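Colleague:
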Amino acid sequence: MSGRPIFIPRPGERKGPSGQPRLARDWRRDLRIWWREIDHWLLGLVLALMAAGTLAVAAASPASAHRLSTDETTLPALYFFWAHLRWQFVGLIVLFGTSMVASRELRRGAILLGAAMLVGLLLVPVVGSEINGARRWLNLGFSLQPSEFLKPAFALILAWVLSWKVRDETLPVMPITAAFVGLIGVLLMMQPDLGSAILFAGCWMVMVVVAGLPLQRLGYLSGAGVGLLVLAYLFYDNARNRIDTFLGGPTAYDHVDLASRTLGGGGWFGTGFWLGREKLRLPEAHTDYIFSVIGEEFGLIACGLIVVLYLAIVLRVLVRLVDEDRLYMILAASGLTALIGGQAFINILVNLQLFPSKGMTLPLVSYGGSSTIAICLTVGMLLAVTRRNPYLEREPFDLAAGFEREEQA
Numbered sequence: 072m073s074g075r076p077i078f079i080p081r082p083g084e085r086k087g088p089s090g091q092p093r094l095a096r097d098w099r100r101d102l103r104i105w106w107r108e109i110d111h112w113l114l115g116l117v118l119a120l121m122a123a124g125t126l127a128v129a130a131a132s133p134a135s136a137h138r139l140s141t142d143e144t145t146l147p148a149l150y151f152f153w154a155h156l157r158w159q160f161v162g163l164i165v166l167f168g169t170s171m172v173a174s175r176e177l178r179r180g181a182i183l184l185g186a187a188m189l190v191g192l193l194l195v196p197v198v199g200s201e202i203n204g205a206r207r208w209l210n211l212g213f214s215l216q217p218s219e220f221l222k223p224a225f226a227l228i229l230a231w232v233l234s235w236k237v238r239d240e241t242l243p244v245m246p247i248t249a250a251f252v253g254l255i256g257v258l259l260m261m262q263p264d265l266g267s268a269i270l271f272a273g274c275w276m277v278m279v280v281v282a283g284l285p286l287q288r289l290g291y292l293s294g295a296g297v298g299l300l301v302l303a304y305l306f307y308d309n310a311r312n313r314i315d316t317f318l319g320g321p322t323a324y325d326h327v328d329l330a331s332r333t334l335g336g337g338g339w340f341g342t343g344f345w346l347g348r349e350k351l352r353l354p355e356a357h358t359d360y361i362f363s364v365i366g367e368e369f370g371l372i373a374c375g376l377i378v379v380l381y382l383a384i385v386l387r388v389l390v391r392l393v394d395e396d397r398l399y400m401i402l403a404a405s406g407l408t409a410l411i412g413g414q415a416f417i418n419i420l421v422n423l424q425l426f427p428s429k430g431m432t433l434p435l436v437s438y439g440g441s442s443t444i445a446i447c448l449t450v451g452m453l454l455a456v457t458r459r460n461p462y463l464e465r466e467p468f469d470l471a472a473g474f475e476r477e478e479q480a
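Take 72 as the starting number for the sequence shown in our numbering and just add one per residue.
1) Which residues in the same chain have their Cβ closer than 7 Å to the Cβ of L329, if we skip the five residues on either side of it in sequence?
2) The ligand ADP and R387: does any heavy atom of the ligand fall closer than 8 Å to the residue's C-beta?
3) So what's A323 in DSSP terms, helix, strand or just coil?
4) Could you tell me the distance, in whole angstroms, from the CA atom of A123 to the CA atom of C374?
5) So, at 8 Å on beta carbons, what are the nonlocal neighbours of R391 in its own chain, with the 5 sequence-adjacent residues on each side left out?
6) Start and end of the alpha helix (DSSP H) containing I202?
7) Tell me, please, whether the region 180-192 touches the region 220-232 by the rule of three or more beta-carbon pairs shorter than 8 Å.
8) Across which residues does DSSP place N210 in a beta bridge pair?
9) Within the 9 Å Cβ cut-off, does S331 reach chain D?
10) Going straight from the alpha carbon of A268 to that of L254, what length do you get?
11) Considering only C-alpha positions, which residue in the set A455, S441, I228 is nearest to V161?
12) According to the neighbour-count rule (16 or more other Cβ atoms, all chains shown, within 10 Å of its Cβ), is S293 buried or exposed?
13) Mapping DSSP to helix, strand and coil, what is A205?
14) Taking only three categories from DSSP, how would you classify G375?
15) Where do the N-terminal and C-terminal ends of the alpha helix (DSSP H) with Q414 fall, by residue?
16) Threshold first: 4 residues or longer. Then list the alpha helix (DSSP H) segments lying entirely within the region 144-176, N to C.
17) Which term fits N210, buried or exposed, when burial requires 16 or more other beta carbons within 10 angstroms of its beta carbon?
18) Output the boundary residues of the alpha helix (DSSP H) element that contains W235.
19) If we count the other Cβ atoms within 10 Å of its Cβ and call it buried at 16 or more, is D97 buried or exposed?
20) Enumerate in chain order the residues of its own chain whose CB-to-CB distance from V388 is below 6 Å, with the five nearest sequence positions on each side excluded.
21) Just to confirm before moving on: does the CB-CB distance between A131 and Y438 stay below 9 Å?
Set out below in structure tokens:
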């Protein structure tokens with residue numbers, strides 16, 4: 072009698088040729104397919120940014136822990152570093168898990184997530200928690216900022232709606248998406264959160280241009296955007312105060328000036344790890360102004376490398392889309408990339424004293440709780456929509472022709 076163990080299948084399982092449960096064999100097969108289709112370069116760039124962020128949070132943690140300590144509670148120097156590691160671990164699980172989801176299920180999940188976060192935005196002015204004069208968070212036993220999780224869902228929902236035009240050219244997809252982003256903008260400005268409102272509007276602009284918006288209408292939209300900013304300055308106190316502070320020049324103690332001095336305090340090569348002094352006066356050193364901490368302790372060259380990594384992510388996505396033949400995938404990847412790149416661009420400009428302060432973190436680098444999960448969700452969706460079968464030949468989508476080519480098919 073053979074000594075090989077006898078496999079007894081569980082209910083719902085079938086025995087494969089090798090004597091192993093079919094579910095286990097399917098799981099390994101799916102993992103191999105995922106590894107074959109995932110963009111390894113894009114994944115590597117993302118992980119490199121997260122590693123740089125871990126080091127940056129370790130550098131900034133003592134300064135923030137000291138500022139936030141009280142007479143009753145003294146935070147350990149590495150308090151935010153250890154917390155960041157925990158959030159990053161959860162974020163990586165979300166990132167890899169999301170990147171394995173098929174495009175159809177991903178779209179359905181985005182619609183459900185977007186609906187839930189839109190309800191969250193409606194609730195924030197009523198029951199939201201107020202921090203530093205802004206009401207942006209819901210207290211659910213942990214602090215949740217609905218706008219952060221709405222961002223990736225927003226990009227996929229817009230891509231889905233804009234791609235309807237392929238099937239029916241009479242559908243008013245532009246007005247529908249404009250109304251959607253307008254509603255979100257109004258809800259965000261009530262918090263107030265003008266920076267996120269600008270980011271959502273910028274993402275929408277990128278996506279409608281990619282979708283084939285005529286240049287004439289693009290000019291109209293640009294003019295309307297300038298007009299809205301003027302109205303915001305005239306009638307919206309939050310925008311007026313930030314713009315006046317920016318145009319009037321910084322004072323010796325405002326956040327932007329402190330960030331600028333911290334950024335340049337280390338010269339080209341930095342003061343060295345934990346040797347920075349300017350960061351000790353910098354508020355939000357581990358979040359909004361972590362780019363300045365990188366500049367002081369690791370030097371302007373390290374800051375340049377961070378910028379290069381963001382640019383490389385954007386360019387890598389564009390290269391990945393060159394042979395894409397599905398409009399929905401092109402729009403989804405463009406929107407998600409615009410969100411990540413746009414947020415990084417705004418944060419870096421604020422630290423360089425070239426943009427009004429927006430209270431916006433540096434994606435994949437700054438410390439964050441739920442915001443780290445949200446940005447990892449965004450990256451996971453981006454990895455999912457850029458997955459490609461390397462053995463499948465595609466006919467590139469003609470972006471110059473917009474929707475016309477698809478309408479004739």
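A virtual CB, placed ideally from N, CA and C, is assigned to each residue, including glycine.
No experiment lies behind these values; they were computed from the predicted model shown.
Modeller: In terms of the structure at hand:
1) Within the same chain, Cβ atoms closer than 7 Å to the Cβ of L329 are found at R352, L353, the five residues on either side in sequence being excluded.
2) Looking at this structure, you won't find the ligand ADP or any other ligand, since it has none at all.
3) Low per-residue confidence applies at A323: pLDDT is 45, beneath 50, and the placement is therefore not dependable enough to give any value.
4) If I take the Cα positions, the gap works out to 10 Å.
5) Excluding positions up to five away in sequence, the list reads D110, L113, A404, T457, R459.
6) Unbroken run through I202 is the beta strand (DSSP E), 200-202; no alpha helix (DSSP H).
7) Of all C-beta pairs linking the region 180-192 to the region 220-232, three or more are shorter than 8 Å, placing the two stretches in contact.
8) Residue pairing of N210 in beta bridges, as defined by DSSP: S214.
9) Chain labels in this structure do not include chain D; a single protein chain is all it has.
10) So the two alpha carbons sit approximately 10 Å from each other.
11) When each option's Cα is compared against that of V161, the closest is S441.
12) Exposed, because fewer than 16 other Cβ atoms sit within 10 Å of the Cβ of S293.
13) Per DSSP, reduced to three states, the secondary structure at A205 is strand.
14) Helix.
15) Start and end: 398-422.
16) Counting only runs of 4 or more residues that sit fully inside the region 144-176, the alpha helix (DSSP H) segments are 150-170, in chain order.
17) Per the 10 Å Cβ criterion, exposed.
18) For W235, no alpha helix (DSSP H) run applies, since DSSP gives it neither H nor E.
19) Taking every protein chain shown into account, the CB of D97 has fewer than 16 other CB atoms within 10 angstroms, so this residue is exposed.
20) Here the set comprises A404, T408.
21) Taking 9 Å as the cut-off, the beta carbon of A131 is found closer than this to the beta carbon of Y438.
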